[in-house]
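Input: a single structure, listed below in structure tokens.
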């Protein structure tokens with residue numbers, strides 16, 4: 001299927017966003033290393049000297065530019081196309097880490113990169129055309145249709161249950177609680193971002209949408225959802241290993257966002273069954289590649305800690321043991337105190 005002009009613009013912006021966001025991680029890490037070398041105190045143990053490091057700020061600015069490009073991309077292309085392409089930032093980060101930071105990429109990780117690229121190509125080829133929207137009132141009509149209201153209601157109820165019932169009881173032992181809250185709120189934030197981005201695009205084209213209260217409502221929803229999302233994402237990252245949080249969050253967030261977009265914007269209306277299946281297959285390939293990348297990024301580091309000891313626990317073990325207490329108990333009997341400190345730092 002040939003890309004429409006709108007889809008092509010959204011595709012380019014999504015690729016630019018992934019490149020900038022992926023590069024920002026490497027630039028910020030270089031800044032953190034410089035700051036730690038100068039001050040002698042790492043950020044991971046409470047140091048804040050990186051705030052005085054210009055390179056770290058360059059990384060932050062790079063990330064902001066990438067996020068802005070991603071925001072604008074939703075105004076031109078459907079979420080079914082834009083959201084899965086976020087996985088490409090992982091590839092950019094992995095490749096630059098090997099080139100600049102000399103962090104070796106495992107051969108299986110290379111396969112993961114290839115799978116992400118292949119899946120993204122499949123999604124781009126079969127992406128639905130973005131339907132032209134002439135007013136924010138059209139988006140409001142989509143947002144208030146019964147099917148999407150049922151979805152929003154379900155999300156609100158699930159988030160309420162997770163926040164007030166499960167989070168206090170098992171939030172620190174089950175990674176699915178915090179990531180579930182982030183993903184559910186994230187799907188609503190993307191829909192609001194798309195609505196707000198479209199409103200701003202129409203305004204810049206000379207069709208002022210700021211006169212409608214619906215535009216400001218979407219802006220408030222974006223602010224609320226993003227704050228909730230970032231709050232619980234930080235809790236997840238602070239509690240669990242990043243290698244566990246990142247792939248789970250990506251899979252849940254992307255899946256729920258695509259589902260919300262299909263319901264609200266009816267992205268799959270007019271598409272054949274074969275095309276829809278192809279998009280789903282491409283998405284599955286991207287997910288698989290992302291999981292491979294995250295699952296293998298610490299292979300060499302783990303082997304250096306353990307020597308001839310058995311490999312680290314599987315993903316399921318990490319999920320059920322929360323912050324890795326079982327892993328620490330096993331390691332404490334087999335590694336030196338110096339390696340123990342490094343291992344604790346990696347886990348927490």
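Numbering (our numbering), first residue to last: 1 to 348.
Each residue gets a CB set at the ideal place from its N, CA and C atoms; glycine is no exception.
Here residue 105 has 94, 98 as same chain residues with Cβ atoms under 6 angstroms from its own Cβ, once five neighbours each way along the sequence are excluded. For residue 112, the enclosing alpha helix (DSSP H) stretches over residues 107-125. No residue range can be given for residue 212, since it is assigned to no alpha helix (DSSP H) and is classified by DSSP as neither H nor E. Non-local beta-carbon contacts of residue 170 in its own chain, meaning distances under 7 angstroms to residues more than five positions away in sequence, involve 177 in chain order. In the three-state reduction of the DSSP assignment, residue 154 falls in the helix class. The C-alpha of residue 27 is placed about 10 angstroms away from the C-alpha of residue 61. Counting only unbroken stretches of 4 or more residues, the alpha helix (DSSP H) elements lying wholly within the stretch 4-65 are 5-39, in sequence order. The shortest CA-to-CA distance from residue 130 to any of 173, 270, 36, 291 is the one to 270.
Residue 49 and residue 37 have their C-alpha atoms roughly 10 angstroms apart.
By the beta-carbon neighbour count (other beta carbons within 10 angstroms, threshold 16), residue 165 is exposed. Each residue's CA atom was taken as its position, placing residue 9 and residue 39 some 44 angstroms apart. Residue range 273-296 is occupied by the alpha helix (DSSP H) that includes residue 290. By the criterion of at least three beta-carbon pairs nearer than 8 angstroms, the stretch 108-124 is in contact with the stretch 278-289.
Taking 8 angstroms as the cut-off, the beta carbon of residue 136 is found closer than this to the beta carbon of residue 214. DSSP places residue 195 inside the alpha helix (DSSP H), whose first and last residues are 175-204. By the 16-neighbour rule on beta-carbons within 10 angstroms, residue 127 is buried. With respect to the C-alpha of residue 187, the residue from 52, 84, 237 having the closest C-alpha is 84. Within the stretch 239-265, the complete alpha helix (DSSP H) runs of at least 4 residues fall at 242-264.
The beta carbons of residue 264 and residue 148 sit closer together than 8 angstroms.
Approximately 6 angstroms separates the beta-carbon atoms of residue 256 and residue 184; this is inside 8 angstroms, confirming the contact. A distance below 8 angstroms between beta-carbons, with the five flanking residues on each side excluded, links residue 190 to the following residues of its chain, in chain order: 74, 79, 83, 257, 260, 261.
In this structure, DSSP gives residue 234 a helical state, which the three-state scheme calls helix.
Ranked by Cα distance from residue 222, the first of 235, 194, 52 is 194. Between residue 7 and residue 118, the C-beta spacing is not below 8 angstroms. Straight across, the Cα-Cα distance linking residue 30 with residue 103 is about 12 angstroms. Spatial neighbours of residue 23 in its own chain (CB-CB distance under 7 angstroms, excluding positions within 5 residues in sequence) are listed in chain order as 62, 92, 96. Where residue 138 is concerned, the enclosing alpha helix (DSSP H) starts and stops at 136-143.
The alpha-carbon of residue 272 is positioned some 49 angstroms away from that of residue 32. The C-alpha of residue 163 is placed about 26 angstroms away from the C-alpha of residue 146.
Shown here, residue 98 sits in a helix according to DSSP, grouped into three states.
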